[in-house]
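*Asks:* Protein chains in written order, with the numbering used here: chain V, -3 to 353; chain X, -3 to 353; chain C, -3 to 353; chain A, -3 to 353. Glycine included, C-beta positions come from ideal geometry on N, C-alpha and C. These numbers come from a predicted model, not from an experiment.
There are 4 protein chains.
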Amino acid sequence: MKRCIAITTGGGDAPGLNAVIRAAALAAHRRGWEVLGVRRGYAGLLNTEETIPLTRDNIRGIAHQGGTILGTTNRGDPFAYCERGETTPRDRSDEVVKNFRQLGLDALLCVGGDGSMRIAHKLHQKGIPIVGIPKTIDNDLSGTAVTFGFDTAVKVASEALDSLHPTAEAHERVFVVEVMGRYAGWIALHAGVSGGADVILIPEIPVNVDAVCRKIQERERSGRHFSLVVAAEGARLDGATVTREEAKPGGVERLGGVAERLAERIAERTGKETRSLVLGHLQRGGNPTARDRIIATRFGAAAVRQVESGEFGVMVALDPPQVLTVPLAEASRMKTIPLDDDTVLTARDLGICLGDE
Amino acid sequence: MKRCIAITTGGGDAPGLNAVIRAAALAAHRRGWEVLGVRRGYAGLLNTEETIPLTRDNIRGIAHQGGTILGTTNRGDPFAYCERGETTPRDRSDEVVKNFRQLGLDALLCVGGDGSMRIAHKLHQKGIPIVGIPKTIDNDLSGTAVTFGFDTAVKVASEALDSLHPTAEAHERVFVVEVMGRYAGWIALHAGVSGGADVILIPEIPVNVDAVCRKIQERERSGRHFSLVVAAEGARLDGATVTREEAKPGGVERLGGVAERLAERIAERTGKETRSLVLGHLQRGGNPTARDRIIATRFGAAAVRQVESGEFGVMVALDPPQVLTVPLAEASRMKTIPLDDDTVLTARDLGICLGDE
Amino acid sequence: MKRCIAITTGGGDAPGLNAVIRAAALAAHRRGWEVLGVRRGYAGLLNTEETIPLTRDNIRGIAHQGGTILGTTNRGDPFAYCERGETTPRDRSDEVVKNFRQLGLDALLCVGGDGSMRIAHKLHQKGIPIVGIPKTIDNDLSGTAVTFGFDTAVKVASEALDSLHPTAEAHERVFVVEVMGRYAGWIALHAGVSGGADVILIPEIPVNVDAVCRKIQERERSGRHFSLVVAAEGARLDGATVTREEAKPGGVERLGGVAERLAERIAERTGKETRSLVLGHLQRGGNPTARDRIIATRFGAAAVRQVESGEFGVMVALDPPQVLTVPLAEASRMKTIPLDDDTVLTARDLGICLGDE
Amino acid sequence: MKRCIAITTGGGDAPGLNAVIRAAALAAHRRGWEVLGVRRGYAGLLNTEETIPLTRDNIRGIAHQGGTILGTTNRGDPFAYCERGETTPRDRSDEVVKNFRQLGLDALLCVGGDGSMRIAHKLHQKGIPIVGIPKTIDNDLSGTAVTFGFDTAVKVASEALDSLHPTAEAHERVFVVEVMGRYAGWIALHAGVSGGADVILIPEIPVNVDAVCRKIQERERSGRHFSLVVAAEGARLDGATVTREEAKPGGVERLGGVAERLAERIAERTGKETRSLVLGHLQRGGNPTARDRIIATRFGAAAVRQVESGEFGVMVALDPPQVLTVPLAEASRMKTIPLDDDTVLTARDLGICLGDE
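Right under this line is the structure:
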């Protein structure tokens, strides 16, 4: 049966989005289906002109590129839509349903994080045949073992530590590197273990700055005159909750809070030259690793098979080595690091300070 | 209790060996234990002088380096030991047991592939308290979900495809790239899906060369005047078993069999300019990816915890997200790609030719 | 004055071609000119349909990609044109001139190696206003200090040596790596010095295989049980001229001659396990380095300025820090390595064997 | 004649320092000389115990590593020496001369930037036979065409732009990336041309923020809803001189001034979401590129040949393709970008905004 499906990408971009788009389009073409790309997340469905046909030609060579050819946005919730400049959100979800029908679509694939999956769930309840595809750089989505973007982010952060290591050592300095992770510290933990960090600070473990300084001084005494600290942006210093000016529309997001504050305190208490660095969007935009390309490609193909099966309201998920589905209703819980996680135990076994002792 | 443990690396080298060594040494030091490194695999235990103490200083900065600071060899089976130049193997395993005791060792960590795990099992039966750590670039070991080295090999092969893609397209050529995998095609499959191959040939699926040529000609007709073929070294052309001159001691190993023969036949049948390339040791020696460093580091630390637990004769293994152990007796079975593997299904969904249709 | 210029890329592809195309197109657009891309080298001018307008959109994001969006060919000499399947070349240069006029072109930019520059010179003599842009991976063109492609090739070869180093050391092997350079050994020399090779073999210095083996054995005696040899494909073993089956149209080019033969002889004479590897097209197709992108971009812009100046029959060239022009008549001489080149002296100072002592 | 030479590295570290050390040591060993490494710049000569013999073993495998095995410091001027905690600098240069003699040294190689070369000149005037080796990431040293470290810094910055490009485009944002360059904008200019920046801001051209915003808005109107701005840390917004809190001993250096302020103003005036990123030490510590390794290696070897020649008080310098020497007295002038530099012309030809129109 000839079908027409659409795909959209929402929330922050992650390396692998284009590989999902390409795989879904190829798998659909192979079944003789048409594929539309919806631009700028769900918001693109508020306007039937925001779609482009995804042909063999316009998905060429995109799998290894970062970003998303469809664009994305953090402001696309049709249940609480807020045009730039407006202040009162409106529920425009009925328009999405109407446009979905007017475009003659048989299914919608939506790629996104926890927010996007919640919206997908609500759209499914309003009758749209939807399949979710999980995306989160931070690896903080509970429904899937892992998803694309995370491996690339860990690679970037780990390579940054590799780069800073020799300059830290040559100048006998302390470096504090801030990585992504507001609520879950997966990137910090994995990059820190991979990149040989001396201290790893994650939101799951309240940070005792004294313990951090003790670790640095202990290294000093044993002849290691430098230290590398990696801190998730959501790490909580001395039990405080990080206050963070949130991005305002059209405004400048301030990153760098934790690293800068921690660096100041380390310098003050230990007397060591201390520098901070915020990796920020470098973790997000790069070309996906081979592993992320594969996961993204598998998800794109699996989502199309799911459409073929006729069962909607689910998200594809990785349960290695299988790809299976979980109900959208259950897909969007936060996955933080358990304190008995094997990589946490490994970090402690290596003598890495986790800020708590 | 003060203990002394030893660690050795056997078989072909894989990116991540040094990260295992470092992690095991740090985890042991943290418990106040001493650690010896045994040089050149089990063969190093035939001679008590082939050990070096692994101190904090000689494991510095090694985690991100390829190779192994302990050296390795493919000729170290103490149950069938064959000195260079000799032709009749001898069972020298008793000497290993004797030297193990003479060195005052409490446990032996051995890092290796299926061959090394079989030897470890036999040494354990002779009374050596041993913990195995799996290593295989090819990902063909059944006891563990995955192990270190594979991710790096896939990355290298995938990047090679990325490099060849534009030159293939500019010159309207076919490229055949030969990757590792004598019995299992994991590297070819994953690199091919990641790197956008048009044809992926693996040992698990007998290759119909006509089907391969049809795929190339079909692309030609649709305006794609180039193709990328990735072939595992063990791919069987037209049902034949690959005959391969094996490496002789001191001799020159001939690689490149499959790619070269396939390229000749493609050129002959399709009339397309066709080039072959054998990636060979480039897949093996590079710096480990962040992911491989993490797996290797977790294995090293887990093996030390296993020694602490007092249970031997097992291999550490990854069962995501956990690291657990499996009996050495069961650790060394070959893991080939099931034909319903999700990545195989994905490849077919993308229209990639797997050589069988 | 509104003009229309064309650009074409000929000969083997080199990283940076797309950056030249983009820069030339942008610089021409900025002057209000139109730009046509001619596909597949000069051969594209035998057929007015082989041109595509180069607009802002179809040159987007190409600067960092290998290959050439215009395609290329080694068989495009219009003075001795030989269609695939034909055996007698014909002079079709008059057609090129006719088509150039029919397309209403004001100038032709041709990017290519020594062969392309010779053709450019002859076309200029027939009245086509032409500006050459030098391209050679091998760095063997005399008219310019350096050109794009070379830096990328050296990087790829140097990184290959980095990858092979740890596996060579772990297994106590000799590796022979064959790199590009039929007549000039620039890639071998630079990659070898950068990548820590023990032996570097270039076409400019006849190779005494005994000297090579002595170096390997001397390292063996001093406790270095491995060696890295890098050989240009045109290196001459024991004074012989390399005979090499040349690529035949539609045929399979055999690479790997020198490395394989040398590896066999080293293994034979030294008894060391020796492996060979042919880098081949990996040196050619990858993404250009930042430096190659800059050189290529500068050349593309300079060629357009040259068109504006109205002086033709020249090739742009790098004379650091300037870009200037040289007459096409003088542009195509071969540049081999002088024996007193500073990098040669450096190699000798480091104790690297150059095959002659 | 048996000699003993020493080598020291001063100022900020740069990728390639270890390659210089290795090359100089190998070239000296080959002449039968002894080599001492002086730790922490000239300051190491205030204390004869701060030297280590550089043997074949402790320089193994260092050429491709960032940092410097000798350590470095920004506080080592013996003519105005200021111990940590002290506030009044003292002239301790006589101690350096005395220790140099007491160590029985025949020559000193000093690797450093303009400050180090000035000190070298003064030490030479006090009788120390000294050869300088230029080091500057910023490429702002006039005596040499280029030196090591710069190519790596450009690569890192160019790759950062590559990474930010897709995320900027996906989110329709402006990114401002701050790179090194207090007085000279070479890194910004080269990385910007290579990485496809839309705006490049350098200290040599006062920045008219209105011009920058016009460029961004002009792109917006033509359908490019994102822009990449690269700014040297010394770029002067609206004619102001950047005031910058200088690093205090033991304190935290604040980077990020220019990018953050510029991002705020762009957001304000254009209404575009704008993000800033400070690359900081990522440009400094990474592994040197192949090109930087070669330059560094050539400099190390050339410096030893210079010692052999017996002529001191000079700095080795690159005048492609030669390495020659310039008097130390003339070596330390600042090299800024001339406004008619070919890469500047190229940037303008591509339509890149340089902040002045």
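Just the C-alpha distance for THR68(X) and ARG220(C), rounded to the nearest angstrom, thanks.
*Replies:* Using only the alpha carbons, I get a separation of about 15 Å.
*Asks:* Please report the Cβ distance between GLU229(A) and GLU174(A), rounded to the nearest whole angstrom; I am assuming they are in contact, meaning their Cβ atoms lie under 8 Å.
*Replies:* Indeed they touch by this definition, with Cβ atoms about 6 Å apart.
*Asks:* Taking only beta-carbon positions, decide if ASP338(A) is within less than 8 Å of chain C.
*Replies:* Yes - at least one Cβ of chain C is within 8 Å of the one on ASP338(A).
*Asks:* Given a cut-off of 8 Å on the beta-carbon distance, is the pair ALA286(X) and SER190(V) in contact?
*Replies:* Yes.
*Asks:* Who are GLY33(C)'s beta bridge partners in DSSP?
*Replies:* ILE3(C), ILE48(C).
*Asks:* Considering only the alpha carbon of each residue, which of LEU13(V), ALA343(V), MET311(V) lies closest to LEU185(V)?
*Replies:* Nearest C-alpha to LEU185(V): ALA343(V).
*Asks:* Can you name the residues that DSSP bridges to GLU264(X)?
*Replies:* GLU264(X) pairs with nothing; no bridge assigned.
*Asks:* Taking only the alpha-carbon atoms, compute the straight-line gap between GLU242(A) and ARG178(A) and give it to the nearest angstrom.
*Replies:* Confidence at GLU242(A) is low in this model, with a pLDDT of 39, below 50, so its placement is unreliable and no value can be given for it.
*Asks:* How far does the alpha helix (DSSP H) with PRO321(A) in it reach, from first residue to last?
*Replies:* The sequence given here has Thr at residue 321(A), not Pro. Looking at the DSSP string, THR321(A) is not in any alpha helix (DSSP H); the run it does join, the beta strand (DSSP E), is 318 to 323.
*Asks:* Please report how far the alpha carbon of GLY127(X) lies from the alpha carbon of ARG280(X), in whole angstroms.
*Replies:* The residue asked about is misnamed: residue 127(X) is Val in this sequence, not Gly. Each residue's Cα considered, the two are about 24 Å apart.
*Asks:* Leaving out five residues on either side along the sequence, give the residues of the same chain with a beta carbon under 6 Å from the beta carbon of ASN54(A).
*Replies:* So no residue of the chain qualifies.
*Asks:* In chain order, what residues of the same chain have a beta carbon less than 7 Å from the beta carbon of ILE333(A), not counting five sequence neighbours either side?
*Replies:* Hits under 7 Å: ALA180, GLY181, TRP182, LEU185, ILE198, GLU200, VAL340.
*Asks:* Per DSSP, what kind of secondary structure is THR270(C) in: helix, strand or coil?
*Replies:* Of the three classes helix, strand and coil, the one that applies to THR270(C) here is strand, per DSSP.
*Asks:* Looking at the structure shown, is PHE144(V) part of a helix, part of a strand, or coil, going by DSSP?
*Replies:* In the structure shown, PHE144(V) sits in coil (DSSP, three-state: anything other than H, G, I, E or B).
*Asks:* Taking the alpha carbon of ILE3(X) as the point to measure from, which residue in VAL34(X), ALA19(X), ALA23(X) has its own alpha carbon closest?
*Replies:* Ranking VAL34(X), ALA19(X), ALA23(X) by Cα distance to ILE3(X) puts VAL34(X) first.
*Asks:* Does DSSP put ILE333(V) in a helix, in a strand, or in coil?
*Replies:* Correct three-state label for ILE333(V): coil.
*Asks:* In whole angstroms, what is the alpha-carbon distance linking SER138(X) and MET330(X)?
*Replies:* Roughly 6 Å between the two C-alpha positions.
*Asks:* Just mark THR83(C) as buried or exposed, buried being the case when its beta carbon has 16 or more other beta carbons within 10 Å.
*Replies:* Answer is exposed; the Cβ neighbour count stays below 16.
*Asks:* What residues in its chain sit with their C-beta under 8 Å from that of GLN98(C), if we drop five residues either side in the sequence?
*Replies:* THR44.
*Asks:* Would ALA19(V) pass as an interface residue toward chain X - the criterion being a Cβ-Cβ separation below 8 Å?
*Replies:* Cβ-Cβ to chain X under 8 Å: yes for ALA19(V).
*Asks:* Using Cβ-Cβ distances below 8 Å, what residues of the segment 290 to 306 of chain X are close to chain V?
*Replies:* Under the 8 Å Cβ criterion, the segment 290 to 306 of chain X contributes ILE290, THR293, ARG294, ALA297, ALA298, VAL300, ARG301.
*Asks:* Spatial neighbours of ILE348(C) within its chain, please: C-beta separation below 8 Å, excluding the five flanking residues on both sides.
*Replies:* Answer for ILE348(C): GLY188, VAL189, ALA193, ASP194, VAL195, ILE196, listed in chain order.
*Asks:* Kindly list, in the order they appear in chain X, the residues whose Cβ is closer than 9 Å to that of GLY347(V).
*Replies:* What GLY347(V) touches in chain X: LEU22, ALA23, HIS25, ARG26.
*Asks:* Could you give the first and the last residue of the continuous beta strand (DSSP E) run that contains ASP9(X)?
*Replies:* First-last for ASP9(X): undefined, no H or E at that position.
*Asks:* Below 8 Å on the Cβ atoms is my contact criterion, and I expect SER159(X) with LEU258(C) to pass it. Report the Cβ-Cβ distance as a whole number of Å.
*Replies:* Not really, about 25 Å apart at Cβ, beyond 8 Å.
*Asks:* Cβ of HIS161(X) less than 8 Å from any chain C Cβ?
*Replies:* Taking Cβ atoms only, chain C reaches closer than 8 Å to HIS161(X), which makes this a yes.
*Asks:* Can you check DSSP and say which residues form a bridge with ILE196(A)?
*Replies:* Paired residues: VAL226(A).
*Asks:* Have a look at the DSSP bridge pairing and note the partners of CYS209(A).
*Replies:* DSSP, once it has assigned bridges, lists no residue as partnering CYS209(A).
*Asks:* Given that a residue counts as buried once 16 or more other Cβ atoms are within 10 Å of its Cβ, and exposed if not, what is LYS(-2)(X)?
*Replies:* Under this definition LYS(-2)(X) is an exposed residue.
*Asks:* I need the straight-line Cα distance from HIS120(C) to LEU32(C), nearest angstrom please.
*Replies:* One C-alpha to the other measures close to 19 Å.
*Asks:* Hey, is PRO317(C)'s beta-carbon within less than 8 Å of any beta-carbon in chain A?
*Replies:* At least one chain A Cβ lies under 8 Å of PRO317(C).
*Asks:* Quick check: the Cα distance between ARG56(A) and CYS0(X), rounded to an integer number of angstroms?
*Replies:* Whole-angstrom Cα-Cα distance: 30 Å.
*Asks:* Buried or exposed for ASP352(X), going by 16 or more other Cβ atoms inside 10 Å?
*Replies:* Exposed.
*Asks:* Starting from MET311(X), follow its DSSP beta bridges and name the residues at the other end.
*Replies:* GLY128(X), VAL322(X), per the DSSP bridge assignment.
*Asks:* Would you verify that the beta carbon of GLY219(V) is, or is not, closer than 8 Å to some beta carbon of chain A?
*Replies:* Output row for GLY219(V): interface = no.
*Asks:* On the DSSP bridge assignment, give the partners of GLY306(V) in chain order.
*Replies:* DSSP lists no partner for GLY306(V).
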